[in-house]
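A.B. asks:
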Amino acid sequence: MPVNPPRSALLVHRINGGGGNMQSQSHNLKRRSPAIIAPLPEPVARHHTHEIRADQSCSAVIQEIAAPVSTVWSVVRRFDNPQAYKHFVKSCNVIVGDGDVGTLREVQVVSGLPANNSTERLEILDEERHVISFSVVGGEHRLTNYRSVTTLHSSISGTVVVESYVVDVPPGNTAEDTCTFADTIVRCNLQSLAQIAENIAKRSAINKSNIS
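Its first residue numbered 265, the sequence shown is counted upward by one per residue in the numbering used here.
1) Note the first and the last residue of the continuous beta strand (DSSP E) segment covering Arg478.
2) What is the DSSP secondary structure of His312, counted as helix, strand or coil?
3) When you compare each of Asp344, Thr438, Tyr349, Gly366 to Cys356 by their alpha carbons, which one comes out closest?
4) Alpha carbon to alpha carbon, how far is Val353 from Tyr410?
5) Just the C-alpha distance for Arg296 and Val374, rounded to the nearest angstrom, thanks.
6) Candidates His394, Ser468, His405: which alpha carbon is nearest Leu377's?
7) Would you please state the rounded distance, in angstroms, between the beta carbons of Phe398 and Glu387? I believe it to be under 8 Å.
8) How close, in whole Å, do the beta carbons of Thr414 and Ile396 come, if the pair is a contact with beta carbons under 8 Å?
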């Protein structure tokens, strides 16, 4: 048996009762294990259950978007074009595959971050359930063994996006520091995604109105 066997961690997020507003929180799950996701659908919750080692950290960010799931998914599913909403990505080239599971991409990162590039593999692309997952398998960065899962599901106001991840804690850093760094990037990405998807939805509504 390994000295530090993996532990199972579930994400904790709560949705306010009033007006469908969502209270977005992210937690260091190594301090919150086990916990319950509520009220996310069970198939969604299962994707955000991660096995974590003692030298890893795990967290998540929730974003509510005033746009249909289909609109949000059209942006998120493009593994070949993460820069469409991830502003920290300067460019992306697919180096192996054609967009199916196992596809590899090489991402160049904008200056100012403690990273130059990242090689990433598509792990899950579930078009029916709107789930996408990728892992970092190489490159010059501080997110060693990073793996994220992003799920979408319908809400009263449009779409709820949940993005969770597991990542190694770099030597000399704490789990809290690691989550703070990763959470900031994920949160910025999802806020950008919300703005882009909502703009697409608004333009679509205007076009339909003009046609009618």
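Glycine included, every Cβ here is placed at the ideal spot set by N, Cα and C.
C.D. replies: In this structure, then:
1) In the structure as shown, the chain starts at 265 and stops at 476, and residue 478 therefore has no counterpart that could be examined.
2) Within the sequence shown, the letter at position 48 stands for residue 312. The answer is coil: DSSP assigns His312 none of H, G, I, E or B.
3) Residue numbering aside, residue 356 sits at position 92 when the sequence shown is read from its first letter. When each option's Cα is compared against that of Cys356, the closest is Asp344.
4) Position 89 of the sequence shown, counting from 1, holds the residue named residue 353. Position 146 of the sequence shown, counting from 1, holds the residue named residue 410. Spanning the two alpha carbons is a distance of roughly 16 Å.
5) Here residue 296 is taken as the residue at index 32 of the sequence shown, counted from 1. Here residue 374 is taken as the residue at index 110 of the sequence shown, counted from 1. Confidence is the limiting factor: at Arg296 the pLDDT is only 34, short of 50, which leaves the residue's position unreliable and the question unanswerable from this model.
6) Position 113 of the sequence shown, counted from the start, is the residue given in the question as residue 377. Among His394, Ser468, His405, the Cα nearest to that of Leu377 belongs to His405.
7) The residue given as residue 398 occupies position 134 in the sequence shown. The residue given as residue 387 occupies position 123 in the sequence shown. Contact check for Phe398 and Glu387: beta-carbon distance about 6 Å, within the 8 Å limit, so the pair qualifies.
8) Sequence index remark: in the sequence shown, residue 414 carries index 150 (1-based). Sequence index remark: in the sequence shown, residue 396 carries index 132 (1-based). That belief holds up - the Cβ atoms of Thr414 and Ile396 are roughly 5 Å apart, short of 8 Å.
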